[in-house]
Amino acid sequence: MMYGYQDMMGWGGGIGMIAFWIILIIVFVLLVKLYTSQSSVTMEKEESPIEIIKKRYASGKIDKEEFEQKKKDLEK
Numbered sequence: 547m548m549y550g551y552q553d554m555m556g557w558g559g560g561i562g563m564i565a566f567w568i569i570l571i572i573v574f575v576l577l578v579k580l581y582t583s584q585s586s587v588t589m590e591k592e593e594s595p596i597e598i599i600k601k602r603y604a605s606g607k608i609d610k611e612e613f614e615q616k617k618k619d620l621e622k
């Protein structure tokens with residue numbers, strides 16, 4: 547006896563179908579986030595030492611004399 551639930555599409559079947567699609571969408575979104583976070587990490591490049599001291603000089607953390615000295619040291 548089905549008690550009014552024909553082909554399992556009654557109240558329980560409809561919620562089951564909705565839950566299935568919600569879970570499927572959540573899994574898809576999580577996989578996309580995981581993939582994009584890994585690819586962005588691998589695409590980052592390391593800064594060279596000269597780029598680092600240029601940024602420090604530009605931000606005012608070191609003065610011109612210290613920048614020139616460090617630049618000479620790196621060119622050796």
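The sequence shown begins at 547 in my numbering and counts up by one. Ideal placement from N, C-alpha and C gives every residue a C-beta, glycine not left out.
{"Query": "Give the straight-line distance between the Cα atoms of Asp609 and Tyr603, rounded to the nearest whole angstrom.", "Result": "6 angstroms"}
{"Query": "Hey, how far is the Cα of Gly606 from the Cα of Glu612?", "Result": "11 angstroms"}
{"Query": "Rounded to the nearest angstrom, what separates Lys579 and Ile561 at their Cα positions?", "Result": "27 angstroms"}
{"Query": "Would you decide whether Ile599 is buried or exposed? Buried here means 16 or more other CB atoms lie within 10 Å of its CB.", "Result": "buried"}
{"Query": "When you compare the CB positions of Lys617 and Ile596, do they come within less than 8 angstroms of one another, or not?", "Result": "yes"}
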